[in-house]
Amino acid sequence: MAALLLRHVGRHCLRTHFSPQLCIRNAVPLGTTAKEEMERFWNKNIGSNRPVSPHITIYSWSLPMAMSICHRGTGIALSAGVSLFGMSALLLPGNFESYLELVKSLCLGPALIHTAKFALVFPLMYHTWNGIRHL
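The letter at position 104 of the sequence shown is residue 853 when you use the working numbering, and the numbering goes up by one with no holes.
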């Protein structure tokens, strides 16, 4: 009997101790809300009439910056090219020799063929040597 009474009293104390009304009644704001902070931030930026973030035109271009951008561009182009070549080898009918014969039958001329070869090899060589430079 005493155990039941203690359990009932303990539950009653816990229920009143952790009740949400008790928490809400004693809750006071500790500072500004996020919305107020955000409004103050945007009002300050609108008043100062400055851009949200620095534009790329504020940077003075240098050779390492341009080489880094070209390195990323050639990496993306090579990834896309290798992926497209692999997917085309899987999905297109025929084999490699048939497509090579198709290109030969177009009679493109040596200038265009050498330009195409250079366009295929230059990104690979640039990306390779620029990557080795950083090792």
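For every residue, glycine included, the Cβ atom is placed at its ideal position computed from N, Cα and C. Since this is a predicted model, take the numbers as computed values, not measurements.
First through last residue of the alpha helix (DSSP H) which encompasses residue i
i	result
N794	A783 to S797
P842	No alpha helix (DSSP H) holds P842; DSSP gives it neither H nor E.
P859	P859 to R882
Beta-carbon contacts of residue i that lie in its chain and below 7 Å, excluding the five residues immediately before and after
i	result
P872	T823, A826 and L827
Close Cβ partners of residue i (< 8 Å) along its chain, the five nearest in sequence each way excluded
i	result
F845	A838
Classification of residue i by the beta-carbon crowding that lies within 10 angstroms, buried from 16 upward
i	result
H883	exposed
H876	buried
C-beta atoms of residue i and residue j nearer than 9 Å
i	j	result
M816	N879	yes
Three or more C-beta pairs below 8 Å linking the segment 799-808 and the segment 850-857: no
At least 3 beta-carbon pairs within less than 8 Å: the segment 813-822 vs the segment 862-870: no
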